[in-house]
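J.: Under full-length UniProt numbering, the residues of the sequence shown are numbered 1 to 328, in order.
Cβ coordinates follow ideal geometry from the N, Cα and C atoms, glycine included.
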Amino acid sequence: MQPLRWGVLGATAHIAGRVLPAIHRTAGNAVVAVASREGRRAAAEEVARPFGARVHDGYDALLADPDVDAVYIALPNTQHVPWTLRALDVGKHVLVEKPMALSEEDCVRVERAAADLVVVEAYMYRFHPQQRRAAALLASGEIGELRVVRSAFAYPTAAAGNIRFDPALGGGATWDVGCYAFDVPLWAFDAAPRAVRARFHSREVDLSAVAVLDFGDGRSAVLDYSLEYGPRAAYEFQGTRGSLSVRNAWTRSDEEGLITVVTLDGVREEVVPASDAYEHQAAAFAAAVRDKVPPLVSLAHSARTARVGEALVRSAAAGVEVDLRRRP
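(1) How about V322 and A311: do their beta carbons lie closer than 7 Å?
(2) Would you kindly work out how many angstroms separate the C-alpha atoms of K92 and G141, rounded to a whole number?
(3) Where does V110 fall in DSSP's three states?
(4) Alpha carbon to alpha carbon, how far is V34 from R25? Give it in angstroms, no decimals.
(5) Starting from the C-beta of P167, find all residues in its chain whose C-beta is less than 8 Å away, skip the five residues before and the five after it, and write them out in chain order.
(6) Have a look at the DSSP bridge pairing and note the partners of residue 363.
(7) Does the Cβ of S253 have 16 or more other Cβ atoms within 10 Å, making it buried, or fewer, making it exposed?
(8) Please give the ranges of any alpha helix (DSSP H) in the UniProt domain "GFO/IDH/MocA-like oxidoreductase" (132 to 244), keeping only runs that are unbroken, at least 4 residues long and fully inside the region.
(9) Within a Cβ cutoff of 7 Å, which residues of the same chain sit near T174, ignoring the five residues on either side of it in sequence?
(10) Between the alpha carbons of G58 and N29, how many angstroms are there, rounded?
(11) T263 bridges to which residues according to DSSP?
(12) Suppose you measure from the CA of T240 to the CA of G218; what does that come to, to the nearest Å?
(13) Starting from H56, follow its DSSP beta bridges and name the residues at the other end.
(14) Would you check if there are 3 or more beta carbon pairs closer than 8 Å linking the stretch 260 to 271 to the stretch 1 to 21?
(15) Check whether the stretch 83 to 100 and the stretch 272 to 280 touch, using three or more Cβ-Cβ pairs below 8 Å as the test.
(16) For G10, is the classification buried or exposed, using 16 other Cβ atoms within 10 angstroms of its Cβ as the cut-off for buried?
(17) Spell out the partners DSSP gives D254 in its beta bridges.
(18) Assign V267 to one of two classes, buried (16 or more other C-beta atoms within 10 Å of its C-beta) or exposed (fewer than that).
(19) Looking only at its own chain, which residues have a Cβ that is under 7 Å from the Cβ of W83, when we skip the five neighbours before and after it?
(20) Pull the bridge partners of A13 from the DSSP assignment, please.
(21) Do A192 and R326 have their CB atoms nearer than 7 Å?
(22) Which of the three DSSP states is assigned to H80 in this structure?
(23) Can you tell me the Cα-Cα spacing of residue 329 and F285, whole angstroms?
(24) If distances are taken between C-alpha atoms only, which option among A181, R232, A233, H80 comes closest to A221?
(25) If you follow the alpha helix (DSSP H) that V293 is in, where does it begin and where does it stop?
(26) Have a look at F165 and R290 and give me their C-alpha separation to the nearest angstrom.
(27) Going by alpha carbons, who is nearest to F257 out of V108, P21, Y125, E111?
(28) Between the beta-carbon of G230 and the beta-carbon of P295, is there less than 7 Å?
(29) Would R197 pass as a contact of S315 if the rule is Cβ separation under 7 Å?
(30) Is it true that the CB of F215 sits closer than 7 Å to the CB of L146?
(31) Can you tell which of D116, G7, V81, A53 has the C-alpha that lies nearest to the C-alpha of M100?
(32) What are the boundary residues of the alpha helix (DSSP H) that E321 is part of?
(33) Measuring CA to CA, which of G178, S245, S298, D276 is closest to L138?
(34) Between V177, S151, L102, which has its C-alpha nearest S302's C-alpha?
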């Protein structure tokens with residue numbers, strides 16, 4: 001069986017250095033093409049060399065390559081939607097870095113353009129067995145009815161020359177690490193919140209935030225995220241009969257996962273064997289393309305996440321709670 005053949009836009013991005021090797025070493029996948037932008041061909045050739053991939057001069061040239069089945073997009077945030085739409089227009093499947101879009105409206109545009117093509121937003125932690133186990137334990141009812149989600153995602157990041165701090169490119173903590181923080185309660189409650197309230201510490205972009213999401217019926221999420229402190233990537237589910245916590249959602253490929261369950265019956269820890277979240281993501285993507293397995297992160301999920309991100313930005317800017325039941 002021929003492998004799913006991948007091309008890469010943004011191959012010199014830091015995240016691509018983790019994702020591309022994982023794609024290439026996952027059964028059924030192969031990195032075959034890399035696109036360079038003006039003045040960056042030498043860097044693109046260096047990225048392509050370990051995979052034996054060819055280098056195209058420009059992103060459009062890569063999209064025109066008939067031997068590319070799927071593209072991975074690791075460009076700045078504001079370029080995710082335009083290049084996703086271009087890729088879909090020429091019949092390529094797309095794995096796009098989070099955030100897929102900075103608005104719900106743009107997510108809807110992508111969904112309309114996708115037709116029978118696969119588009120997945122790259123929330124890599126969602127594909128790790130640790131995450132799958134946490135979701136299964138939550139669904140089992142062992143901790144009772146879910147009432148509160150606490151999540152914290154943060155990583156201290158140097159600002160000099162970093163696109164994460166460029167407002168023109170969709171920079172800021174909300175659209176970088178914050179996406180993870182509010183993604184957790186959205187899948188845990190399997191719903192959008194009724195209202196959100198956020199407070200940012202900002203300069204040119206938001207650097208840190210604390211937020212509360214109201215899901216109604218006594219259900220809430222409490223978040224913090226930052227580009228100023230960390231590292232931290234932990235979340236906790238508080239239920240009516242106990243709690244479940246994940247020590248580190250950003251487990252390295254050589255790091256075991258740890259889930260702690262606390263109930264009136266006592267404390268239990270489960271160790272999840274080390275594995276590579278990016279490999280699991282690549283395998284799941286290939287299955288979605290070949291076997292029509294519904295993507296774990298659907299386009300409807302991405303639209304919901306983008307809508308919450310927009311609301312958090314509006315809340316912090318205006319200093320008020322934003323009701324998501326009302327359209328802006």
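T.: Inspection of the coordinates gives the following:
(1) yes
(2) 40 Å
(3) helix
(4) 16 Å
(5) E204, V205
(6) Outside the modelled stretch of the chain, which goes from 1 to 328, sits residue 363, for which no answer is possible.
(7) exposed
(8) 179 to 189
(9) D206, A209, G309, L312, V313
(10) 23 Å
(11) G242, G266
(12) 11 Å
(13) A35
(14) no
(15) no
(16) buried
(17) DSSP lists no partner for D254.
(18) exposed
(19) L9, Y59, I73, L75
(20) In the DSSP output, where bridge partners are listed per residue, A13 has none listed.
(21) no
(22) helix
(23) Since the first residue of the chain shown is 1 and the last is 328, residue 329 is not available in this structure.
(24) A181
(25) Run containing V293: none; DSSP gives neither H nor E here.
(26) 38 Å
(27) Before going on, a small fix: residue 257 reads as Gly here, not Phe. The residue with the shortest Cα to Cα distance from G257 is Y125.
(28) no
(29) yes
(30) no
(31) V81
(32) Unbroken run through E321: none, as it is neither H nor E.
(33) S245
(34) L102
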